[in-house]
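Enquirer:
Residue numbers (full-length UniProt numbering): 1 to 351.
Take a look at the structure:
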């Protein structure tokens with residue numbers, strides 16, 4: 001019996017070691033392939049001195065002659081650098097795409113974590129990153145594409161510093177935090193009518209009480225329950241292999257990412273509660289740069305109806321809204337090919 005146990009443990013150990021070895025080899029090969037620079041293009045990663053901190057970016061494009069696009073991830077405080085090359089590289093034939101881990105998250109966490117995050121601090125970060133890219137890429141202007149929080153962030157940058165930008169593209173456009181939550185809560189009350197379990201989840205959060213992880217989890221659970229979850233359609237790429245073959249993350253980076261856990265998000269909870277409303281777009285409709293939206297018509301994370309009303313009120317040299325039917329908030333990841341086609345149409349318009 002003891003011999004059988006020893007043999008089993010030995011076989012299990014060999015299997016585990018073999019599996020780890022295979023994963024590490026696959027990770028190394030995948031990283032090497034995805035780290036290649038396109039002929040005539042660019043593929044660079046670096047830390048940039050921004051507003052007293054070091055913040056991480058990757059620059060990827062198939063031609064250095066293409067216009068530069070700065071991608072602003074959502075959250076706030078939720079970097080997408082573990083997976084975003086899977087969808088941002090689909091734009092790299094028409095844009096040189098810069099992906100950026102904002103202050104205190106992703107690969108910028110260790111070198112730029114901040115105890116207090118303010119609206120002014122974030123706007124200054126965005127200004128300095130833009131100025132760096134203008135100089136580094138030798139461009140007079142760049143394009144902004146922001147998703148979710150990034151769309152609110154980008155719109156504020158475009159409104160304040162129009163001289164820096166060729167165009168603004170908002171995906172899952174975020175307009176105003178209080179009005180957004182009010183509309184979600186009103187919709188959720190209708191969804192949960194006659195559903196006692198749903199009402200119990202809804203009771204854990206409200207527009208006036210959502211600045212805790214419990215409330216945020218209940219809020220998201222409500223949307224998931226009624227078919228409006230961010231990733232209701234999953235992703236159109238394999239998440240495991242995308243993470244495994246990520247050219248920008250070493251095993252050490254992933255260990256650091258996991259150790260961070262939710263620690264990096266805590267300052268952003270305070271930011272959401274105390275500062276986010278300062279960046280509201282309500283009443284601010286005059287843009288000096290072209291204004292584009294790509295929104296899902298089932299998006300309640302950032303309310304599609306509110307975004308549509310705002311779009312109608314916008315004054316801009318050029319404006320256009322692209323609507324993805326039956327899409328929720330995760331439109332970049334669920335339907336990245338369709339999203340990319342819309343980005344290409346915008347790029348063509350901007351020529």
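In this text, a Cβ means the ideal position worked out from N, Cα and C, and glycines have one as well.
Starting from residue 301 and walking both ways along the alpha helix (DSSP H), at which residues does that stretch end?
Expert: That residue, residue 301, is in no alpha helix (DSSP H); it is neither H nor E in DSSP.
Enquirer: Could you tell me the alpha carbon to alpha carbon distance between residue 246 and residue 277, rounded to whole angstroms?
Expert: 35 angstroms
Enquirer: When you compare each of 213, 57, 342 and 309 to residue 268 by their alpha carbons, which one comes out closest?
Expert: 213
Enquirer: Cα-Cα, which of 339, 222 and 220 is closest to residue 91?
Expert: Put simply, of 339, 222 and 220 the residue whose alpha carbon is nearest the alpha carbon of residue 91 is 339.
Enquirer: Taking Cβ positions, are residue 205 and residue 221 nearer each other than 7 angstroms?
Expert: Judged by their CB atoms, residue 205 and residue 221 are not nearer to each other than the 7 angstroms cut-off.
Enquirer: What are the uninterrupted segments assigned as alpha helix (DSSP H) that are 4 or more residues long and contained completely in the segment 186 to 247, given in chain order?
Expert: 196 to 202, 213 to 225 and 239 to 244
Enquirer: Hey, could you find the ends of the beta strand (DSSP E) residue 323 is sitting in?
Expert: Note, residue 323: beta strand (DSSP E), 319 to 324.
Enquirer: If you measure between the beta carbons of residue 118 and residue 164, is that distance less than 7 angstroms?
Expert: no
Enquirer: Check whether the Cβ atoms of residue 51 and residue 102 lie closer than 7 angstroms to each other.
Expert: no
Enquirer: What number of angstroms, rounded off, separates the C-alpha of residue 332 from the C-alpha of residue 33?
Expert: For residue 332 and residue 33, the distance between alpha carbons rounds to 23 angstroms.
Enquirer: In this structure, does DSSP put residue 30 in helix, strand or coil?
Expert: Of the three classes helix, strand and coil, the one that applies to residue 30 here is helix, per DSSP.
Enquirer: If we ignore side chains and look at the alpha-carbon of each, how far apart do residue 169 and residue 348 end up?
Expert: 14 angstroms
Enquirer: Is it true that the CB of residue 207 sits closer than 7 angstroms to the CB of residue 181?
Expert: A contact, by the Cβ cut-off of 7 angstroms.
Enquirer: Beta-carbon separation of residue 152 and residue 279 under 7 angstroms?
Expert: yes
Enquirer: Which parts of the UniProt domain "AB hydrolase-1" (67 to 179) are runs of the beta strand (DSSP E), unbroken and 3 residues or longer, counting only runs that do not cross its ends?
Expert: 68 to 72, 96 to 100, 142 to 147 and 165 to 171
Enquirer: Among 242, 175, 225 and 171, which has the Cα closest to the Cα of residue 193?
Expert: Looking from the CA of residue 193, the closest CA among 242, 175, 225 and 171 belongs to 225.
Enquirer: How is the beta strand (DSSP E) around residue 53 delimited, first residue to last?
Expert: Looking at the DSSP string, the run of the beta strand (DSSP E) that includes residue 53 is 53 to 61.
Enquirer: Please state the DSSP three-state secondary structure of residue 45.
Expert: strand
Enquirer: Between the Cα of residue 57 and the Cα atoms of 49, 315 and 63, which residue gives the shortest distance?
Expert: The residue with the shortest Cα to Cα distance from residue 57 is 49.
Enquirer: Which term fits residue 271, buried or exposed, when burial requires 16 or more other beta carbons within 10 angstroms of its beta carbon?
Expert: buried
Enquirer: Where does residue 291 sit, in a helix, a strand or coil, going by DSSP?
Expert: Taken through DSSP and simplified to helix, strand or coil, residue 291 comes out as strand.
Enquirer: Is it buried or exposed for residue 317, if we count other Cβ within 10 angstroms and need 16 for buried?
Expert: exposed
Enquirer: Give me, in chain order, the residues of the same chain whose beta-carbon lies closer than 6 angstroms to that of residue 201; leave out the 5 immediate sequence neighbours on both sides.
Expert: 218, 221 and 222
Enquirer: Which residue comes first and which comes last in the alpha helix (DSSP H) that contains residue 279?
Expert: Where residue 279 is concerned, there is no enclosing alpha helix (DSSP H), given that its DSSP letter is neither H nor E.
Enquirer: Can you give the Cα-Cα distance for residue 251 and residue 36, rounded to whole angstroms?
Expert: 19 angstroms
Enquirer: Can you tell me the Cβ-Cβ gap for residue 297 and residue 304, rounded? I've got them flagged as a contact below 8 angstroms.
Expert: 6 angstroms
Enquirer: Considering residue 343, what are the terminal residues of the alpha helix (DSSP H) in which it resides?
Expert: 336 to 349
Enquirer: Would you mind stating whether residue 172 and residue 27 have Cβ atoms separated by less than 7 angstroms?
Expert: Taking a C-beta distance under 7 angstroms as the contact criterion, residue 172 and residue 27 do not qualify as a contact pair.
Enquirer: In the DSSP assignment, find the unbroken alpha helix (DSSP H) run with residue 274 in it and report its ends.
Expert: 266 to 274
Enquirer: Skipping 5 residues on each side, what residues in its chain have a beta carbon closer than 6 angstroms to that of residue 321?
Expert: 293 and 311
Enquirer: With distances taken Cα to Cα, identify the nearest neighbour of residue 161 among 148, 136 and 144.
Expert: Out of 148, 136 and 144, 144 has the C-alpha closest to the C-alpha of residue 161.
Enquirer: Evaluate residue 24 with the Cβ neighbour count: other Cβ atoms within 10 Å of its Cβ, from every protein chain shown; 16 or more gives buried, anything less gives exposed.
Expert: The residue is exposed, with fewer than 16 neighbouring Cβ atoms inside 10 Å.
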